[in-house]
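Undergrad:
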Amino acid sequence: AIKEDSVQLLKELDDTHDIILFLDPDHAGERIRRLLSKQLKHIYHAFIDRDVAYSKNMKKIGIEHASEDDIKNALGDIQAVHKKSTSDVTYSFLHDTKLTGNKDSKALRDFVSKKLRLGHVNGKTLYQRLKMFEISQKQVIEAISESSSKEEIRAELPQG
Numbered sequence: 072a073i074k075e076d077s078v079q080l081l082k083e084l085d086d087t088h089d090i091i092l093f094l095d096p097d098h099a100g101e102r103i104r105r106l107l108s109k110q111l112k113h114i115y116h117a118f119i120d121r122d123v124a125y126s127k128n129m130k131k132i133g134i135e136h137a138s139e140d141d142i143k144n145a146l147g148d149i150q151a152v153h154k155k156s157t158s159d160v161t162y163s164f165l166h167d168t169k170l171t172g173n174k175d176s177k178a179l180r181d182f183v184s185k186k187l188r189l190g191h192v193n194g195k196t197l198y199q200r201l202k203m204f205e206i207s208q209k210q211v212i213e214a215i216s217e218s219s220s221k222e223e224i225r226a227e228l229p230q231g
């Protein structure tokens, strides 16, 4: 995944610099992100949508395939990590808003994660990133409300 000497160099830089993790939106990129997030203290995250990171033949995925504008947008929405989260998001909230446990949950999670610039997520990763970036229930509900294709879900959302 990532060489130990590269991790060591990043740890040394972490003492004097903020580090932005801008990795491929694939499984390997997410694995490296998790590994480095555990080992570094001063990190920020930038995410690029999977659909803009595919090669022309649609066989490879990576930030090198994204357009300059897509890269600028991703770097313009950097997320700071908060070790002690004050987010009021709970697993129950995710279930109540149909972000988990529903047949349409994946599509809704994909929409919300794009709106909030969280990268590709499943239910557990969505919860972790909402907490890590201190995103509130209100912000999640606002993101869901912007989805015109989810009117029935908006009608059932808890008000708050």
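Numbered as in the numbering used here, the sequence shown ends at 231 without a single skipped number. Where is the CB? At the ideal position from N, CA and C, for every residue including glycine.
Tell whether a beta-carbon distance below 8 Å holds between H113 and I90.
TA: For H113 and I90, yes; Cβs fall inside 8 Å.
Undergrad: Tell me where the beta strand (DSSP E) around F93 begins and ends.
TA: From DSSP, the beta strand (DSSP E) with F93 extends over 90-93.
Undergrad: In the structure shown, what three-state DSSP assignment does A99 receive?
TA: Of the three classes helix, strand and coil, the one that applies to A99 here is helix, per DSSP.
Undergrad: Pull up the distance between the alpha-carbon of H191 and that of S184, whole angstroms please.
TA: Cα to Cα, the separation comes out at about 7 Å.
Undergrad: Decide if Y162 is buried, meaning its Cβ has at least 16 other Cβ atoms within 10 Å, or exposed.
TA: Exposed: under 16 other Cβ atoms inside 10 Å.
Undergrad: Alpha carbon to alpha carbon, how far is Y115 from S77? Give it in angstroms, no decimals.
TA: Approximately 18 Å between the Cα atoms of the pair.
Undergrad: Taking only runs of the alpha helix (DSSP H) that begin and end inside the stretch 114-162, which ones reach a length of at least 4 residues, in chain order?
TA: Whole alpha helix (DSSP H) segments, 4+ residues: 139-147.
Undergrad: In whole angstroms, what is the alpha-carbon distance linking K143 and R121?
TA: Computed Cα separation, rounded: 15 Å.
Undergrad: What is the DSSP secondary structure of G194, counted as helix, strand or coil?
TA: Note: G194 maps to helix in three-state DSSP.
Undergrad: With a Cβ-Cβ cutoff of 8 Å, do F93 and Q150 count as a contact?
TA: Not a contact, by the Cβ cut-off of 8 Å.
Undergrad: So, using beta-carbon positions, are L80 and L107 closer together than 8 Å?
TA: Result no, Cβ atoms of L80 and L107 do not sit closer than 8 Å.
Undergrad: Tell me whether the stretch 155-175 and the stretch 121-130 touch, counting them as touching only if at least three CB pairs, one residue from each stretch, are closer than 8 Å.
TA: Output reads no: the stretch 121-130 does not touch the stretch 155-175.
Undergrad: Determine the DSSP secondary structure at D86, reduced to helix, strand or coil.
TA: Coil.
Undergrad: Please state the DSSP three-state secondary structure of D175.
TA: D175: coil per DSSP, three-state reduction.
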